[in-house]
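With this note's numbering applied, the sequence shown has no gaps in its numbers, which climb one by one up to 147 at the end. Here is the structure we will look at.
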Amino acid sequence: MKTSFLLALYLFSSLITFLGMNGIGEIWFWYPSPSLVLASLAVFILFAKWKISGQGRLGALIAFLAPASFGVYLIHLHPLIEKHLLVDQFICLLHLEEWLLPLALFCLSFVIYLLSSLIERVRLCLFKKAHLREKLSFLDQYPIY
């Protein structure tokens, strides 16, 4: 797929999400909503097409963050995390000055991502120490369809 098409798909999906959220309801802002899934796929394919050498700082950063990325997504999607740690916990941000709000949201998102990554990295280390990949490798012989 062409990069311009993927960028247009991402922008269109983001616009649909924004308009749907304001006109239809919050269902368009949930992770499994069709518009967010399309936007996510577009961004995923864009990054998958990106040629990055394993050398250098960017390659090292990606190699460090990539294994935990799916876990970050799953942590956000977990109902208990959402209910107790995310929903209505950051209303105090609404009282900030307008110019400070984007910076606060960026910093908060970054901290949440880092904490979620840390949790996932710990889980990966525990699974590695428990040799779960080897113990469960017999499951790989069964087709998933």
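Glycine included, each C-beta is placed from N, C-alpha and C at the ideal position. None of these values were measured; they are calculated from a predicted model.
Q) How big is the Cα-Cα spacing for Y12 and S55? A) 25 Å
Q: May I have the straight-line CA-CA distance separating K139 from L110, to the nearest angstrom?
A: Looking at the sequence shown, residue 139 is not Lys but Ser. Going from the Cα of S139 to the Cα of L110 covers about 38 Å.
Q | Continuous alpha helix (DSSP H) stretch holding K51: start and end | A | 36-51
Q. Excluding five sequence neighbours on each side, which residues of the same chain lie with their C-beta closer than 6 Å to the C-beta of C127?
A. none
Q | Where the alpha helix (DSSP H) containing V74 begins and where it ends | A | 58-79
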